[in-house]
Ligand SMILES: Cc1ncc(C[n+]2csc(CCOP(=O)(O)OP(=O)(O)O)c2C)c(N)n1
């Protein structure tokens, strides 16, 4: 067994390195992924070791990056593309939504689109406009795409392996403000399937569901609630499409209460989907309505206000209190 | 054409090259667009005045001093902002160091009623438009997403998403033409941006509708870590030809040439003859932004070579040689420069954080019940902390 402590950034880097090593068809593509190693250094050193034919600095053109990745996939390659920041995926949105997501179905299942689109997403790093958004619902809404987000180093390492091996297009959201958080990674054994939620903390009074950057906040909230004698279960969703509703159901049947937490705006967000489904599935188990904590129906604010905008410990605990008060 | 065939025959790069920095410098020297073909130059790096058949310009000593002052003050402002970022007062800064001539030359070619669509690095153009430099700092400090009313100075907001503004400029110019006005529009963008679909589409639209727009591309040789050769295999100004309008390459470190060429392109637009692409061949002397580390991808010697072409030094040499400026002028400018630095420093430090409730301001022009509801919830939630604080006393 090989246990290593590493940051999420390092885990992603190691994982991409392994993917390039294992399969000559795997390619890395994107702006600045070569010598610079990406603006977050996730691809650091990969071009040096695998060459410019496999780790490809692309022109500054997101539609071009995704569109050509589709073509390469049709030719048998497995491109892993980097979109530099969340807000810059939209020039490529057309290719992703109108082409990448639908081609497998249109070809009667005869062609496969093994494209991974990596997007550093979410706030909390004090950036300027378009560098802090959480557009996951916009992708999860589209059939044909799978949408995932790791919250810790081990998941980052393994989910990236699994995403690269998947024959479906995967939108891989990387929680950029957690890149430098360290955790244990067991590099030999796969912990579990890509789309399965994991119980990050067990509890009996209420379930918090989160993914990506908000898992840590929820774990902190659960620890704080523990001091007040409340037992909170935290579920790390890991996948926003598909969603492991069975795991949420199991937890809610135990706790009777559910709060969904994400950075993205609440309105039409993934919390809405989870609340609706769980209400259908667990109506008679619920002691309170499913509550949601997330961003507002407003543009992501300038950096000096992001602490007010992003759900923090207090807002999560406030929702926990409201739920428990029913 | 030789340009294409050279590109096509270029050997594929081997993965074994180890000296990353050297590779870049060597390869870019071989590429067509950096061999500096036919750029319009009116002032050499040594401060010698040249004549050009199409772009003659005759400036008074006062006008020359004015351009010099603009460049010096813009550089000072930029240096101050970089320092403020280092001191933690700004979250980020995109420096224009080295691009002063391109920005001041083109900026001073504009008329008041012309309209400017900048990227995020056009601090010198903003200066020419009369935008208070301290207004430019709000978005980099993180207190707003813009910070000025675009219509006050006909200077649009900075655009972070690469290339988007070129289409806005084109549409605006189409509107100008529809109105029968004789003003022009200028869109700024970088060499990296030239790869974006939006930029190609703006070329198409402007040509098809004969829009009075000037595309001003500052080719500063780099898009973060990627050299221009990773964006194009032909010199950028030649792109225009395929879209059906003229393109011209100007020495972007020569303020006189930038002024003359931009002025001519604007006049062409005003005459109803449609768009022009101006490629200002220049250099980003600093990092891409304060978050960037150019040592990862570029050689020090490259910067040194470009420093010898510094836009400010060459105009100073010329001014001195011509006797167009005396010691008193330079001394007074030094003082003005210091004062500007101080003013900017103080203004930034005094810049307050916005009231959190501002998150909900201006989301819609006509209002929206959801925003109102969330604003009220937010206010109540914030107030609950105030109550707790009171109780705690
Ligand atoms: C659509 C989009 N993709 C990526 C980015 C990230 N990014 C910001 S600046 C930049 C390089 C721009 O280079 P260039 O257009 O040459 O302009 P320069 O900054 O050199 O003036 C990149 C890739 C972005 N802002 N927008």
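Chains as they are written, first to last, in my numbering: chain E, 1 to 326; chain B, 1001 to 1393.
Each residue gets a CB set at the ideal place from its N, CA and C atoms; glycine is no exception.
Straight through space, the alpha carbons of residue 1133 (chain B) and residue 1310 (chain B) are spaced by roughly 23 angstroms.
Distance from the CA atom of residue 1161 (chain B) to the CA atom of residue 88 (chain E), rounded to whole angstroms, is 7 angstroms. For residue 1190 (chain B), the uninterrupted beta strand (DSSP E) segment begins and ends at 1185-1190. By the neighbour-count criterion, in which a residue is buried when 16 or more other Cβ atoms sit within 10 angstroms of its Cβ, residue 22 (chain E) is exposed.
For residue 1285 (chain B), no alpha helix (DSSP H) segment is defined, and its DSSP state is neither H nor E.
Sorting B:1227, B:1175, B:1071, B:1242 by C-alpha distance to the C-alpha of residue 1211 (chain B) places B:1175 at the top. Around the Cβ of residue 1082 (chain B), a 10 Å sphere holds 16 or more other Cβ atoms; the residue is buried. Contact check for residue 294 (chain E) against residue 259 (chain E) fails: the beta carbons are separated by 7 angstroms or more. Comparing alpha-carbon positions, the option among B:1353, B:1318, B:1188, B:1379 lying closest to residue 1060 (chain B) turns out to be B:1318. When secondary structure is reduced to three states using DSSP, residue 316 (chain E) falls in the helix class. In the displayed model, residue 226 (chain E) falls within a helix according to three-state DSSP. Taking 8 angstroms as the upper bound on Cβ-Cβ separation, chain E lies near residues 1353, 1354, 1356, 1358, 1359 of the segment 1342-1359 of chain B. For the segment 56-74 of chain E, the set of positions with a beta-carbon nearer than 9 angstroms to some beta-carbon of chain B reads 57, 58, 59, 60, 61, 62, 63, 64 in chain order. Spanning the alpha carbons of residue 163 (chain E) and residue 147 (chain E) requires a straight line of approximately 10 angstroms. Going by beta carbons, residue 10 (chain E) and residue 184 (chain E) fall outside the 7 angstroms limit.
The beta carbons of residue 1096 (chain B) and residue 1129 (chain B) sit no closer together than 7 angstroms. In the DSSP assignment, residue 1362 (chain B) falls outside any alpha helix (DSSP H), carrying neither H nor E. B:1188 is the residue among B:1188, B:1366, B:1363, B:1234 whose C-alpha sits nearest the C-alpha of residue 1280 (chain B). Those residues that have a beta carbon less than 7 angstroms away from any non-hydrogen atom of ligand 1 are, in order along the chain, E:31, E:32, E:60, E:62, E:84, E:85, E:88, E:91, E:130, B:1094, B:1119, B:1121, B:1160, B:1161, B:1162, B:1163, B:1189, B:1190, B:1191, B:1192, B:1193, B:1196, B:1218, B:1220, B:1222, B:1223, B:1224, B:1284, B:1288. Here residue 85 (chain E) carries a coil assignment [DSSP, helix/strand/coil]. Here residue 145 (chain E) is actually not in contact with residue 200 (chain E); their C-beta atoms are around 25 angstroms apart, not less than 8 angstroms. Contact between the segment 1053-1073 of chain B and the segment 1201-1218 of chain B is absent: fewer than 3 CB-CB pairs across the two stretches fall below 8 angstroms. Following the DSSP letters along the chain, one finds residue 1318 (chain B) inside the alpha helix (DSSP H) bounded by residues 1311-1322. Residue contact check for residue 195 (chain E) against chain B: no CB pair falls below 7 angstroms.
By DSSP's assignment, residue 1115 (chain B) forms a beta bridge with B:1185. The C-alpha of residue 150 (chain E) is placed about 7 angstroms away from the C-alpha of residue 174 (chain E).
Close CB contacts of residue 1186 (chain B) within its chain, under the 6 angstroms cut and outside five residues either way in sequence, are with 1116, 1214, 1216 (chain order).
With a beta-carbon spacing of about 3 angstroms, residue 1252 (chain B) and residue 1282 (chain B) fall inside the 8 angstroms limit used to define contacts. Separation of residue 1093 (chain B) and residue 1085 (chain B) (C-alpha to C-alpha, rounded to the nearest whole angstrom) is 6 angstroms. Here the alpha carbon of residue 1207 (chain B) sits roughly 38 angstroms from the alpha carbon of residue 1313 (chain B).
With a threshold of 16 other beta carbon atoms within 10 Å, residue 237 (chain E) meets it and is buried. Ranked by Cα distance from residue 132 (chain E), the options E:323, E:304, E:250, E:111 are led by E:304. The three-state reading of DSSP puts residue 123 (chain E) in coil, since its state is none of H, G, I, E or B.
The residue from E:224, E:35, E:214, E:277 with its alpha-carbon nearest to that of residue 321 (chain E) is E:224.
Annotation for residue 1052 (chain B): 1040, 1041, 1042, 1257, 1260 place their beta carbon closer than 8 angstroms to its own, counting only its chain and skipping 5 residues before and after.
Sorting B:1044, B:1109, B:1184 by C-alpha distance to the C-alpha of residue 1270 (chain B) places B:1184 at the top.
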